[in-house]
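Structure first, commentary second.
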Amino acid sequence: MSNGRRRFAHERHSALKLAIAGISVVGLVGGWVGLNRAHPDFAVAEAAVLPAVTATLPPASAPDPTALPSATATAAPPDPTATATETAASGGHAPVDTPTAAPDSPSPTAVPPTATPPPPTPIPRTATATPQPSPTPTEEPTPARVRVSRGS
Amino acid sequence: MSWKLCAVVAAGLILAAAFARLTQDPDTGTASWDFSRAAAFTGYLLLWGSVVAGVTLHHRVAPGPTGQSVLLEGHRVFGALALAFVIAHVFALLIDPVVPFSIVDVTVPFTSGYRPLAVGAGTIALWLLVVVLASTALAGAMGRTAWWRIHLLSYPAYVLALVHGITSGTDSGSTLALSLYIATGAVAAGLVVVRLAGRGWVAAGQPASDPPALTRSG
Numbered sequence: 452m453s454n455g456r457r458r459f460a461h462e463r464h465s466a467l468k469l470a471i472a473g474i475s476v477v478g479l480v481g482g483w484v485g486l487n488r489a490h491p492d493f494a495v496a497e498a499a500v501l502p503a504v505t506a507t508l509p510p511a512s513a514p515d516p517t518a519l520p521s522a523t524a525t526a527a528p529p530d531p532t533a534t535a536t537e538t539a540a541s542g543g544h545a546p547v548d549t550p551t552a553a554p555d556s557p558s559p560t561a562v563p564p565t566a567t568p569p570p571p572t573p574i575p576r577t578a579t580a581t582p583q584p585s586p587t588p589t590e591e592p593t594p595a596r597v598r599v600s601r602g603s
Numbered sequence: 012m013s014w015k016l017c018a019v020v021a022a023g024l025i026l027a028a029a030f031a032r033l034t035q036d037p038d039t040g041t042a043s044w045d046f047s048r049a050a051a052f053t054g055y056l057l058l059w060g061s062v063v064a065g066v067t068l069h070h071r072v073a074p075g076p077t078g079q080s081v082l083l084e085g086h087r088v089f090g091a092l093a094l095a096f097v098i099a100h101v102f103a104l105l106i107d108p109v110v111p112f113s114i115v116d117v118t119v120p121f122t123s124g125y126r127p128l129a130v131g132a133g134t135i136a137l138w139l140l141v142v143v144l145a146s147t148a149l150a151g152a153m154g155r156t157a158w159w160r161i162h163l164l165s166y167p168a169y170v171l172a173l174v175h176g177i178t179s180g181t182d183s184g185s186t187l188a189l190s191l192y193i194a195t196g197a198v199a200a201g202l203v204v205v206r207l208a209g210r211g212w213v214a215a216g217q218p219a220s221d222p223p224a225l226t227r228s229g
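In order, the protein sequence lines correspond to chains A and B.
First residue of the first sequence? That's 452 in the numbering used here, and the numbers climb one at a time after it.
First residue of the second sequence? That's 12 in the numbering used here, and the numbers climb one at a time after it.
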């Protein structure tokens, strides 16, 4: 028994433990940033705060700020209304996709330039297979709506 | 060191969650919510890593005593860090301004108003994890068989955590999250099946029901 106690108290591989802890924390931070950037309102806010980003876009890119590369890179649908309705339908945030899902999304030139017109155009679905409810283009998804629709 | 590391990491994560909560926009900020989700994913992966390392430890596939020792320490620190991240996940839920989780909701199973069964599964998994880690901390003071039986609660803890993640996580509909759950669950299930199927030959010369000597301290 005493041998077991001694063995239990004996600490080994401290570097391994620190490495695991460090990787875990880095993973948390990366996931945190990734989840935050995946918000549909992030793209809108980014477009408002960082208009200079659009200046770096190729001329062929859509002028619509919702079609920022960051939005498409995170696989967020360019139409924030569609995201909000998807979110409400799924009972939570829009599903989070990593940049690995980006190939599923069309290129910026393939995105309909007017993503929020009253006539609902086919919106590229890249996130889930949830049946898309009829969009309500007139309702702008305020951040409050998005946040209230969050689940756990 | 595992416990000190767990305490330091938990304290740091709690401070980070509080900082996110205090600095985020009260109306549009989602930093604390995203932190909770990220902590949940990380905690789940750490718990999975602990289970996988524990089962692999029993298989004795690591080369030599050094390999077994590394695997054991990984098993221990994975479990301790999983608790730290789950604590941070719960704390971030409690301080999140939108979803009104109370301390009772997150500590008493099936009392949450939001998806009570799914949240309750996570609550039970949390308590099972606490019991398992506490028994490990007190392993030197309790009998080997009692410790081993308590340690087996880590299996239902992992299963409940997986169920909790799938059923209550708002990201479960995404391909990435679903793939993560399926892959990790399949690996864990496969290792357990191999262990159950190979009880007679895995630890030759050792009673199958006895824990490996090294796991006495894990």
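Backbone N, C-alpha and C fix where the C-beta goes; we use that ideal spot for every residue, glycine too.
Since the model is a prediction, treat every value here as computed from it, not as a measurement.
The beta carbons of Gly133(B) and Ser179(B) sit closer together than 8 Å. The Cβ-Cβ distance between Ile161(B) and Val142(B) falls below 8 Å. Residues Ser43, Ile106 of the same chain have their beta carbon placed closer than 6 Å to that of Arg32(B), with the five preceding and five following residues left out of the count. The C-beta of Thr53(B) comes closer than 8 Å to at least one C-beta of chain A.
When Leu171(B), Trp159(B), Gly131(B), Leu92(B) are compared, the shortest CA-CA separation from Ile474(A) is found for Leu92(B). Per DSSP, the unbroken alpha helix (DSSP H) holding His162(B) starts and ends at 155-162. Remark: C-beta atoms of Leu191(B) and Leu171(B) do not approach each other more closely than 8 Å. In the structure shown, Thr178(B) falls within a helical segment according to DSSP collapsed to helix, strand and coil.
Secondary structure note for Ser113(B): it is in no alpha helix (DSSP H), with a DSSP letter that is neither H nor E. Under the three-state reduction of DSSP, Val119(B) is assigned to coil, being neither helix nor strand. In its chain, beyond the 5 residues on either side, Ser43, Phe46, Ser47, Ala50, Ala99, Phe102, Ala103, Ile106 have a beta carbon closer than 8 Å to the beta carbon of Ala28(B). Around the beta carbon of Ala136(B), 16 or more other beta carbons lie within 10 angstroms, which makes this residue buried. With a cut-off of 8 Å on Cβ pairs, the region 187-207 of chain B is in contact with the region 65-83 of chain B, counting three or more such pairs. Judged by DSSP in its simplified three-state form, Gln79(B) adopts helix. When the alpha-carbon of Tyr166(B) is set against those of Leu58(B), Gly75(B), Ala95(B), the nearest one is in Leu58(B).
At a cut-off of 8 Å, the C-beta of Ala466(A) has no neighbouring C-beta in chain B. Check the Cα spacing between Leu94(B) and each of Leu128(B), Ala18(B), Val109(B): the tightest is with Ala18(B).
Taking a Cβ-Cβ cut-off of 7 Å, the neighbours of Leu57(B) in chain A comprise Ser475, given in sequence order. C-alpha of Arg463(A) to C-alpha of Ala148(B): approximately 16 Å in a straight line.
Restricting attention to Ala188(B), Ile193(B), Val130(B), Arg155(B), the CA atom closest to the CA of Val119(B) is found in Val130(B). Under a criterion of Cβ atoms nearer than 7 Å, the residues of chain A adjacent to Phe46(B) are, in order, Trp483.
Under the DSSP assignment, Thr195(B) falls in the alpha helix (DSSP H) whose first and last residues are 186-208. Rounded to the nearest whole angstrom, the CA to CA distance from Phe121(B) to Thr77(B) is 44 Å. The alpha-carbon of Thr34(B) is positioned some 44 Å away from that of Trp158(B). Per DSSP, reduced to three states, the secondary structure at Asp45(B) is helical. Around the beta-carbon of Asp182(B), 16 or more other beta-carbon atoms lie within 10 Å, marking it buried. Listed along the chain, the chain A residues whose CB falls inside 8 Å of the CB of Leu16(B) are Lys468, Leu469, Ala472. The distance from the Cβ of Val97(B) to that of Gly54(B) is about 4 Å, consistent with a contact at the 8 Å cut-off.
Membership of Gly133(B) in the alpha helix (DSSP H) is indicated by the continuous run 127-148. Annotated three-state conformation of Ser183(B) is coil, per DSSP. For Gly473(A), the enclosing alpha helix (DSSP H) begins and ends at 465-488. Among the residues of chain A, those whose CB is under 8 Å from the CB of Leu92(B) are Ile471, Ala472, Ser475, following chain order.
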